[in-house]
């Protein structure tokens, strides 16, 4: 490894930290993340940035859009018990949403260093698929919570469930899921059309492939998230409200008890699994087309 390469690596890491800090601090001040979430978001942002600054723009689009949508009409979501009192995203929530994308960014960074010729394109698809999955899921949850339609369980469409139930879906939420995946696909395709990544092959239909793969992988992964939430995710029971919840302490302040699901599979673990699915689906599609 020569001095120039070492210099470029140092500059990439420094710029990643700088831009992550410039985005992270205002987000912390606005309450989008707590202290642990800020530090974790900086690590995620830096790893994605060193993978390629174009992908930092994509994950930034996810973070800004999802944060705005999460806080949109938050009072209504609280009243429906589809949300908790806002305290900012914690480190586990940030890992759940961006951890897989960060891993893909790190792998892509290492491939750039060692000039691997064939894998980078697939890893780019994986990175974009993970971000698309997170955005699709966040839009589905946050916009779906505003639906006047009572959700149905994705694994049993005849069963109605309260707003905020993991695995519960509405028509509005499904439309939001579709648009969330489309949004990231458009951002990714546009940024790579205007500013091509030299690590990717020079193909005439590459941008179209990026759009299609990013959209499909994110949209499918969101459905996987819902199925996991309905079947294996850890659930608690509030004895006061007689309601199922994802949390040890219910929104009413009552301590809950274990109800069903696997204790290790929390909501954050489901997010990690679904974003992993998004990445793997994208890589698989990239191998096919």
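Numbering (this note's numbering), first residue to last: 16 to 304.
Built from N, CA and C at the ideal position, the CB exists for glycine as well.
Quantities reported herein were computed from a predicted structural model and do not represent experimental measurements.
Nearest-angstrom Cα distance between residue 261 and residue 180?
Those two C-alpha atoms are separated by around 8 Å.
When you compare only the Cα positions, how much space is there between residue 187 and residue 266?
Taken atom to atom, the span from the alpha-carbon of residue 187 to that of residue 266 is near 24 Å.
Return the CA-CA distance between residue 170 and residue 36, expressed in angstroms with no decimal places.
So the two alpha carbons sit approximately 41 Å from each other.
Identify, in the order they occur along the chain, each residue of the same chain with its Cβ nearer than 7 Å to the Cβ of residue 301, setting aside the five sequence neighbours on each side.
Around residue 301: 136, 137, 140, 228.
In three-state terms, what does DSSP make of residue 304?
In the displayed model, residue 304 falls within coil according to three-state DSSP, outside both helix and strand.
Reduced DSSP secondary structure (H/G/I, E/B, other) of residue 269:
DSSP, read as helix, strand or coil, puts residue 269 in coil.
Can you find at least 3 beta carbon pairs, one from the segment 63-77 and one from the segment 111-127, that sit closer than 8 Å?
Counting Cβ pairs under 8 Å, three or more are found: they touch.
Determine the direct distance from the alpha carbon of residue 263 to that of residue 304, and round the result to whole angstroms.
Going by the C-alpha atoms only, they are around 45 Å apart.
Please say whether residue 250 and residue 276 have beta carbons closer to each other than 8 Å?
For the pair residue 276 and residue 250, the CB atoms are nearer than the 8 Å cut-off.
So what does residue 202 bridge to, in DSSP terms?
Among the bridge pairs identified by DSSP, residue 202 is matched with none.
Answer yes or no: do residue 280 and residue 247 have a C-beta to C-beta separation smaller than 8 Å?
Cβ atoms of residue 280 and residue 247: closer than 8 Å.
From this set, 54, 85, 282, which residue's C-alpha is nearest residue 182's C-alpha?
Checking every option, the nearest Cα to that of residue 182 belongs to 282.
The segment 26-45 / the segment 67-87 touching (three or more Cβ pairs under 8 Å)
Touching, yes, given that three or more Cβ pairs across the two stretches are closer than 8 Å.
Mind checking which residues open and close the beta strand (DSSP E) that includes residue 174?
Its beta strand (DSSP E) spans residues 171-175.
Could you give the distance in angstroms between the alpha-carbon of residue 79 and the alpha-carbon of residue 216?
Taking the straight line joining both Cα atoms gives about 30 Å.
Which runs of the alpha helix (DSSP H) fall wholly inside the segment 34-75 and span at least 4 residues, in chain order?
If you keep only unbroken alpha helix (DSSP H) runs of at least 4 residues inside the segment 34-75, you get 50-66.
Nearest neighbour of residue 126, chosen from 114, 161, 214, 95 [CA to CA]:
Of 114, 161, 214, 95, the residue nearest in Cα terms is 214.
Do you know offhand how far residue 128's Cα is from residue 67's?
Using only the alpha carbons, I get a separation of about 12 Å.
Per the DSSP calculation, residue 253 is bridged to which residue(s)?
The beta-bridge partner set that DSSP reports for residue 253 consists of 258.
Which of the three DSSP states is assigned to residue 127 in this structure?
Helix at residue 127.
Have a look at 286, 58, 89 and flag the residue whose alpha-carbon is nearest the alpha-carbon of residue 159.
Taking only the C-alpha atoms, the option nearest residue 159 is 89.
Compare the beta carbon distance of residue 175 and residue 167 with 8 Å and say whether it is the shorter of the two.
Contact: yes.
Are the beta-carbon atoms of residue 199 and residue 150 separated by less than 8 Å?
Contact flag set, yes.
Should residue 104 be labelled buried (16 or more other beta-carbon atoms within 10 Å of its own) or exposed?
It counts as buried.
Within a Cβ cutoff of 7 Å, which residues of the same chain sit near residue 91, ignoring the five residues on either side of it in sequence?
The residues are 161.
Quick check on residue 247: does DSSP put it in helix, strand or coil?
When DSSP states are grouped into helix, strand and coil, residue 247 belongs to the coil group.
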